[in-house]
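Accompanying notes for the structure given below.
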Amino acid sequence: MHLAICDDHIADRKQMERLLGRESDRRIPTTGVLYVDSYGSRESILTAPMIYDALFMDMTEDGCDAVELANMLRTDGTSVPIVFCCGKINYRNSPNLPDQCLFLDKPIQVAELSAMIDQLLAYKNSLVKKLEFRNRFETFYLEEEELLYAVPDDRTMRLTLTNGEEHVAEMTAETFCGNLNDCYSYIELVSHTVLNMRYVRDINFFRVTMRDGKQFRLSFGESRPLEKAVETWRKEYRGAGTVG
Numbered sequence: 001m002h003l004a005i006c007d008d009h010i011a012d013r014k015q016m017e018r019l020l021g022r023e024s025d026r027r028i029p030t031t032g033v034l035y036v037d038s039y040g041s042r043e044s045i046l047t048a049p050m051i052y053d054a055l056f057m058d059m060t061e062d063g064c065d066a067v068e069l070a071n072m073l074r075t076d077g078t079s080v081p082i083v084f085c086c087g088k089i090n091y092r093n094s095p096n097l098p099d100q101c102l103f104l105d106k107p108i109q110v111a112e113l114s115a116m117i118d119q120l121l122a123y124k125n126s127l128v129k130k131l132e133f134r135n136r137f138e139t140f141y142l143e144e145e146e147l148l149y150a151v152p153d154d155r156t157m158r159l160t161l162t163n164g165e166e167h168v169a170e171m172t173a174e175t176f177c178g179n180l181n182d183c184y185s186y187i188e189l190v191s192h193t194v195l196n197m198r199y200v201r202d203i204n205f206f207r208v209t210m211r212d213g214k215q216f217r218l219s220f221g222e223s224r225p226l227e228k229a230v231e232t233w234r235k236e237y238r239g240a241g242t243v244g
């Protein structure tokens with residue numbers, strides 16, 4: 001889980017870093033490592049890419065208001081839980097609180113922080129899994145059902161979505177497929193093209209046709225294993241019968 005500390009009180013920020021570091025060490029055998037970034041100003045958090053699963057926030061100095069900052073992040077599209085850490089200000093009493101907000105009291109207690117991490121993990125695990133891709137211009141997220149197919153192009157992958165949109169992910173086919181390890185609807189061809197099996201329309205000896213009519217050539221002997229893989233996926237995950 002990726003977390004961000006947004007606290008302009010340097011001593012409190014360093015203490016939270018230590019607490020989350022120890023919490024991460026305890027969780028390595030169970031729920032896994034906590035990856036933590038730390039920010040001390042409004043400008044730094046507003047310009048950071050929003051790659052986090054939750055934010056811990058207490059900003060009060062230099063006219064900065066944590067609730068105002070949280071709402072700015074919401075306006076920019078950040079939807080993750082925001083944990084307000086209440087010290088000088090009890091944020092529970094603040095007007096205009098954003099949705100998905102939680103509260104911890106300073107000084108932060110180990111047991112309360114651990115319980116909060118459990119709550120954040122439960123929330124994360126309840127969400128529909130999204131795949132993260134990047135290029136030099138954007139970070140974008142897709143649900144498993146949204147990707148139609150992806151075609152290798154040098155050291156990038158060109159993604160076509162079910163709504164017709166196209167995106168470029170700056171990664172090799174090997175890295176791309178590694179990101180799909182937990183997704184059972186994808187299959188990689190010999191050509192390293194990746195197909196979403198739920199959208200395969202037809203397979204013959206020479207080519208596979210996707211739902212949008214796009215065709216990909218198959219290597220010798222590739223059609224039958226592909227057909228079997230699609231049939232197996234449909235029976236096990238959708239009960240949708242066979243290709244044809």
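Counting with UniProt numbering, you get residues 1 to 244 for the letters of the sequence shown.
Don't be surprised by glycine CBs; every beta carbon is placed ideally from N, CA and C.
Query	Result
Residue closest to Pro-98, alpha-carbon to alpha-carbon, out of Arg-155, Val-33, Ser-79 and Thr-31	Ser-79
Best match in Glu-144, Arg-42 and Leu-189 for proximity to Cys-64 [C-alpha to C-alpha]	Arg-42
Exposure label - Thr-139; buried when at least 16 CB within 10 Å	exposed
Three-state secondary structure assigned by DSSP to Tyr-52	coil
Ala-229 to Arg-198 span [Cα, whole Å]	11 Å
Length of the line joining the Cα atoms of Gly-239 and Asn-196	Here Gly-239 scores only 45 on pLDDT, less than 50, and its place in the model is too uncertain to base an answer on.
Heavy atom of the ligand HEM within 7 Å of Asp-154 beta-carbon	With respect to small molecules bound, the structure shown includes none, and the ligand HEM cannot be examined in it.
Cβ pair Ala-150, Val-194 closer than 8 Å	yes
Ordered list of alpha helix (DSSP H) runs contained in the UniProt domain "Response regulatory" (2-121), each at least 4 residues	10-27, 42-46 and 66-75
Selection from Leu-189, Ser-114, Phe-56 and Gly-213 that minimises the alpha carbon distance to Arg-26	Ser-114
Member of Leu-19, Tyr-52 and Leu-69 whose CA lies at the smallest distance from the CA of Asp-8	Leu-69
Ile-28 beta carbon less than 8 Å from that of Glu-17	no
Alpha carbon of Ala-54 to alpha carbon of Gly-40, nearest angstrom	16 Å
Coarse secondary structure for Glu-231, derived from DSSP in three states	helix
Those runs of the alpha helix (DSSP H) which lie wholly inside the stretch 143-212 and span at least 4 residues	173-179
Through-space distance from Asn-96 to Met-72, alpha-carbon basis	12 Å
Local conformation of Glu-132 per DSSP, three classes	strand
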